[in-house]
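In what follows, a structure is listed as structure tokens, so that the remarks can point back to it.
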Amino acid sequence: WEFRRSEGQTVMLRLGAPGDLPITGDWDGDGLTEVGVYRPSTGAWMLDTDMDGAADQVFQLAGMTAADLPVTGDWDGDGKSSPGYFHPADASWRLFNSSRGREPDLPVFRLGTTGIRPLSGDWNGDQRDTVGAYETATGQVILINRLEENARQITYRNPPGASPVVV
676 WEFRRSEGQT VMLRLGAPGD LPITGDWDGD GLTEVGVYRP STGAWMLDTD MDGAADQVFQ
736 LAGMTAADLP VTGDWDGDGK SSPGYFHPAD ASWRLFNSSR GREPDLPVFR LGTTGIRPLS
796 GDWNGDQRDT VGAYETATGQ VILINRLEEN ARQITYRNPP GASPVVV
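Just so we're aligned, residue 676 is where the sequence shown starts under this note's numbering, counting upward by one.
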């Protein structure tokens with residue numbers, strides 16, 4: 676990992692291994708974004724809460740498989756990022772309010788299709804993250820502001836094949 680702090684200094688740290696998927700979030704609620712990785716081969720989430728290059732929290736989510744895609748967000752508005760995952764086989768989402776959850780804290784719902792890139796962010800400024808989907812083949816973006824099956828969708832198009840970034 677390499678990034679620049681607001682003071683201008685460049686920080687480099689190592690966390691993860693080849694094949695791991697990078698994730699970010701405010702793991703400790705201090706208002707700063709920290710890093711982590713999800714390791715599909717073992718199902719392990721590894722979060723670095725103090726940005727020293729070592730995993731401070733390691734856990735697995737109930738039911739998550741190597742084919743699932745990790746997502747993070749502050750689903751409950753408590754100021755801390757929590758884990759979740761998108762299950763491509765049936766386009767379902769499972770979101771947890773802590774790393775200790777045995778079952779998702781929110782009802783499982785469906786959004787998008789099997790070929791999407793999952794997104795998460797606070798689309799409406801209410802201090803709670805929700806999810807979205809970028810359909811790589813068509814460029815369609817779908818966002819929702821409520822974490823439920825039939826939530827009103829906001830849609831627009833981006834170029835097909837783009838790499839969406841949420842900040």
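The beta-carbon is built from N, C-alpha and C at its ideal position, and this holds for glycine as well.
The model shown is predicted, which means the values in this text are computed figures rather than measured ones.
Spatial neighbours of T656 within its chain, please: CB distance less than 8 Å, with the 5 preceding and 5 following residues excluded, ordered by chain position.
Nothing about residue 656 can be read from this structure; the chain reaches only from 676 to 842.
Count Cβ pairs between the region 793-810 and the region 823-842 that sit closer than 8 Å; are there 3 or more?
yes
For T788, I'd like the list of residues in its chain whose CB is within less than 6 Å of its CB, leaving aside the five on either flank, ordered along the chain.
Translated into the one-based positions of the sequence shown, residue 788 becomes position 113. For T788, where only same-chain residues beyond five positions count, the Cβ hits under 6 Å are A766.
Alpha carbon to alpha carbon, what distance is there between Q684 and W720?
Stepping through the sequence shown from its first residue, residue 720 is reached at position 45. Stepping through the sequence shown from its first residue, residue 684 is reached at position 9. Using only the alpha carbons, I get a separation of about 28 Å.
In or out: M739 buried (at least 16 other Cβ within 10 Å) or exposed?
Here the question's residue 739 lines up with position 64 in the sequence shown. Its Cβ being crowded by 16 or more others within 10 Å, M739 is buried.
Quick test of the definition: if touching needs 3 or more C-beta pairs under 8 Å, does the region 775-783 touch the region 722-732?
no
Suppose contacts are defined by Cβ-Cβ distances below 9 Å. Is L822 in contact with T830 by that definition?
Position 147 of the sequence shown, counted from the start, is the residue given in the question as residue 822. Position 155 of the sequence shown, counted from the start, is the residue given in the question as residue 830. Taking 9 Å as the Cβ cut-off, L822 and T830 do not qualify as a contacting pair.
Using 10 angstroms around the beta-carbon of F771, count the other beta-carbons present and answer buried if the total reaches 16, otherwise exposed.
Numbered from its first residue, the sequence shown carries residue 771 at position 96. The residue in question, F771, is buried, as its Cβ has 16 or more Cβ neighbours within 10 Å.
Can you give me the C-alpha to C-alpha distance between S716 and R792, rounded to a whole angstrom?
Numbered from 1 along the sequence shown, position 41 holds the residue referred to as residue 716. Numbered from 1 along the sequence shown, position 117 holds the residue referred to as residue 792. Those two C-alpha atoms are separated by around 20 Å.
Of all the options G706, E677, G691 and G807, which has the alpha carbon lying nearest to the alpha carbon of G759?
Position 84 of the sequence shown, counting from 1, holds the residue named residue 759. Between G759 and the set G706, E677, G691 and G807, the nearest pair of CA atoms involves G807.
Rounded to the nearest angstrom, what separates D703 and S773 at their Cα positions?
Here the question's residue 703 lines up with position 28 in the sequence shown. Here the question's residue 773 lines up with position 98 in the sequence shown. Their backbone Cα atoms lie some 11 Å apart in a straight line.
Relative to the C-alpha of T724, which residue among P835, L690, T811 and R803 is closest?
On the sequence shown, position 49 is the one that residue 724 refers to. Ranking P835, L690, T811 and R803 by Cα distance to T724 puts L690 first.
Roughly how many whole angstroms lie between the Cα atoms of T805 and D695?
As a position in the sequence shown, residue 805 is number 130, starting the count at 1. As a position in the sequence shown, residue 695 is number 20, starting the count at 1. When only Cα atoms are considered, T805 and D695 end up about 24 Å apart.
In three-state terms, what does DSSP make of Q643?
Since the first and last residues shown for the chain are 676 and 842, residue 643 lies out of range.
Length of the line joining the Cα atoms of L786 and N833:
Your numbering for residue 786 matches position 111 in the sequence shown. Your numbering for residue 833 matches position 158 in the sequence shown. L786 and N833: Cα-Cα distance of roughly 18 Å.
Selected residue, minimal CA-CA separation from P835, among G748, G790, L744 and R827
Here residue 835 refers to the residue found at position 160 of the sequence shown. Selection G748, G790, L744 and R827 evaluated against P835 yields G790 as nearest (Cα-Cα).
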